[in-house]
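Residue numbers (our numbering): 1 to 166.
Dropping the structure here:
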């Protein structure tokens with residue numbers, strides 16, 4: 001486990017509301033960043049897929065892997081995060097998720113507004129949840145959490161990942 005890891009921040013361009021930034025904190029709502037899992041958990045690969053399929057709308061994209069800080073070794077909970085600047089429509093981003101993933105459903109995006117959706121893990125795929133707003137997006141993927149539980153984590157983690165630039 002890495003304690004005191006530096007926070008990576010991506011400053012995003014302004015739109016009609018205040019601009020946001022995405023950060024990668026060392027600790028995140030009961031989880032600890034675990035850089036040694038980035039490759040094995042597929043964070044970099046997911047980041048590459050999102051950037052490649054975005055048609056240039058996803059930029060300044062960062063990734064991180066978080067592991068439950070309780071230290072459970074048998075079945076640790078893992079959450080992969082990929083997020084960044086979104087130049088396109090939040091609605092289009094969420095619609096592409098719900099159309100691409102069987103069983104996807106919209107959820108409350110939480111206190112930071114925007115749109116969000118989750119999809120259950122099926123056929124060896126992990127559960128996935130995403131949010132999008134006027135200038136940012138974030139995707140959370142977990143092989144160990146249900147879509148409903150991951151949606152609750154999205155609402156808890158998002159205010160720690162996305163910030164209004166002052």
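Where is the CB? At the ideal position from N, CA and C, for every residue including glycine.
Q: Could you give the DSSP three-state label for residue 39: helix, strand or coil?
A: Three-state DSSP puts residue 39 in coil, outside helix and strand.
Q) Start and end of the alpha helix (DSSP H) containing residue 92? A) First-last of the alpha helix (DSSP H) with residue 92: 90 to 100.
Q) So, is residue 7 buried or exposed, given that buried needs 16 or more other C-beta atoms within 10 angstroms? A) Confidence at residue 7 is low in this model, with a pLDDT of 30, below 50, so its placement is unreliable and no value can be given for it.
Q.
Measuring only the C-alpha atoms, how far is residue 108 from residue 141?
A. Near 17 Å, if we compare the C-alpha coordinates of residue 141 and residue 108.
(Q) Just to confirm the assignment, what range does the beta strand (DSSP E) spanning residue 67 have? (A) 58 to 68
**Q.** the region 89 to 100 in contact with the region 62 to 70 per 3-pair CB rule at 8 Å
**A.** no
Q: Excluding the 5 residues preceding and the 5 following residue 128 in the sequence, name in chain order all residues of the same chain whose CB lies nearer than 6 Å to its CB.
A: 119, 141
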